[in-house]
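Some notes on the structure that comes next.
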Amino acid sequence: MSNLTVGDLVAMRQLACSVVAGAAGVGRTVVWAHVCELPDPWNWLSADDLLMTTGMCLPAPADEQKQFIRRLSEAGLAGIAIGDDLQAPPFTQDMLSAADELRFPVVTVGHATPFAAIGRTVAIAAQSVQVSRIARLSRLYDATQAAPDDETSLLGRLSAELGHQLHVVDVELGSEVLRDAYPLDDELIAQLRSRVGGRLDRLPPRIAIDAAAGTTATAFPLASHRKCMLVAAGHTDLEVDAFVLLHAQSLVGVEVERVTRERERTDVVRAELLEQMVTGSISADAATPRLGQLGFADTGWCVIGFDAARLQTARTLIGDRGIPYLSCLVGEEGYVMIPSADADPAADLLGHHIDSMGMSARNATTQRVPDSVRQARWALQAARAAGGGLAEYSTAAPLFLPRTLTEAHFATRAVLGKVIDYDAAHHSDLIETLDVFLSMDRNWSATAEKLVIHRQTLGYRLRKIETLTGRSVKSSADIADFWMALIARRISTGQA
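Counting along the sequence shown from 1, when you hit position 483 you're at 482 in numbering that gives the first Met the number 0, and nothing is skipped either side.
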């Protein structure tokens, strides 16, 4: 970083600069000098930049001048140099007092001194820093090339180079991406999410947070599909060249995208394996070695079920935490299979984002995977009936629903056996018709539209169902029997 200060510029008589306020801050470093006449220069200049202006951007009212100086100081600018050419409004005492209080240098520039002279002076002083800057950038890119193929190595190497511990936080989910052995404090992540608020579509360019135990954290947005920010944490303020920091952000953003895409590809492979185990299309002998490669060797496991729409959220959160998992969709539910040792932490993690979840009993044999999915489905029904939260198969069950596959099959046959047999013999769709009809709250028009049939055809099918079952689609008691039998059928056939 350049050693040139505001005081150095003032000491150069040829520049004809004079300090009119904030003299205690002339030791501030100047790395660049830039002209800006916009009313919000703090949005266009970076820390340690010297603002040069004819005064057109300086407001006239005293309170606005005071706020103007405060905003420049908060942005970390080195100072403001105002041309002495009568373009600026008169300096108010409020502004000068604020500059003194903040130790923010306010400098006037002689009419005969072009701003270009100041700019060139700063640029010449900065040239000696360019070699070290380029060397530092080279080391950043070397860290990328030398990093082994794991998710944490790049952040670790960049952290060592920049002198601050780097973290990546998904501010939408509150999850730490590329998590290492020293994760961020949950309270700090909560503060960061609170500061971002509803600005997920356009993340703030810089957020500074004072954490506990004298730790400071500065967050910068990353160019990634996930709503991520790069967080630099340490016991001192972050002092990194803006150009170097921009490249570090770019490198980490690329790494986040790489890891995200790699996880998506892995999820497809894992989903295929779990689906094969659920349907029984892969033998236990064939599945066991593949499970071992995924972190399930010689360990118990369980299955957690939830609404299908939350599957990607579950994959992201569990993947960020580094917990081994398999996941897939079965019907209208999503399922994740995780080691038993991680079941409670995973359920707690997901519980902040998913309303209703069901957890199976702990198992240890591959043959029990289909049963575990059914158990998770049962528990999910119990959670929904209770209004949300987590329900475990070992301690909860949906009211009135069978708890075993045999009971589910018996309940289905007792009510819908003749309809199922009729569909099989005549290749008809009476079961589907009844399911859609009840799911649509017995709305004839909506049911006919979804099934793409005429209302008269729907009426014929419903009458046929009533004839075969001896029950009525108008009776509350019979409707309850139909509905519970349909749920039992989904469970017994793996469709729920």
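Glycine is no exception: its CB is placed at the ideal position from the N, C-alpha and C atoms.
Item, Value
"Rounded distance between the beta-carbons of Ala98 and Gly21, thought under 8 angstroms", "4 angstroms"
"Proximity winner among Leu8, Pro113, Thr365, relative to Asp284 (alpha-carbon distances)", "Thr365"
"Start and end residues, beta strand (DSSP E) containing Leu325", "325-329"
"Identified DSSP bridge partners for Asn362", "Trp300"
"Continuous alpha helix (DSSP H) stretch holding Gly64: start and end", "Before going on, a small fix: residue 64 reads as Gln here, not Gly. Unbroken alpha helix (DSSP H) run through Gln64: 61-73."
"Gly357 beta carbon less than 9 angstroms from that of Glu391", "yes"
"CA-to-CA distance, Lys473 to Thr466, given in whole angstroms", "13 angstroms"
"The segment 251-268 in contact with the segment 186-195 per 3-pair CB rule at 8 angstroms", "no"
"Ala447 versus Val277 - alpha carbon distance", "33 angstroms"
"Reference Thr112, options Pro89, Val25, Ser17, Gln66, closest by Cα", "Ser17"
"Nearest residue (CA-CA) to Leu187, options Leu202, Pro203, His166", "His166"
"Cα-Cα separation between Val66 and Gly304, rounded to whole angstroms", "A quick correction: the sequence has Gln, not Val, at residue 66. Answer to the nearest angstrom: the Cα atoms are 54 angstroms apart."
"Residues near Arg269 by beta carbon distance below 6 angstroms, same chain, minus five either side", "Leu325"
"Which residues DSSP lists as bridging Gln164, in chain order", "Ala232"
"Unbroken beta strand (DSSP E) run spanning Asp48, endpoints", "48-52"
"Proximity below 9 angstroms, CB of Ala222 to CB of Gln164", "no"
"7 angstroms Cβ shell around Asp354 - same chain, five flanking residues per side excluded", "Gly387"
"Glu186 - partner residues in DSSP beta bridges", "Bridge partners of Glu186: none, in fact."
"Stretch pair the segment 23-42 + the segment 62-76: three plus CB contacts closer than 8 angstroms", "yes"
"Nearest-angstrom Cα separation, counted from Gln92 out to Ala207", "30 angstroms"
"Residue range of the beta strand (DSSP E) that includes Phe219", "215-220"
"Backbone CA spacing between Ile430 and Leu349 [nearest angstrom]", "35 angstroms"
"Sequence-distant residues of its chain with Cβ nearer than 7 angstroms to Thr151 (five each side left out)", "Summary for Thr151: the model assigns pLDDT 47, below 50, so the residue's position carries little reliability, and this model does not support an answer."
"Rounded C-alpha distance that separates Pro323 from Glu171", "23 angstroms"
"4-residue-minimum alpha helix (DSSP H) runs that sit fully inside the segment 428-472, ordered along the chain", "429-438, 443-450, 454-468"
"Runs of beta strand (DSSP E) wholly within the segment 304-353 (minimum 3 residues, chain order)", "325-329, 332-338"
"Three-state class that DSSP yields for Ala146 in the structure shown", "Low local confidence applies: a pLDDT of 48 at Ala146 is under 50, so the model's placement there is unreliable, with the coordinate-based value given in what follows. It is coil, neither helix nor strand."
"When Arg201, Ala10, Val368 are compared against Ile337, the one with the closest alpha-carbon", "Val368"
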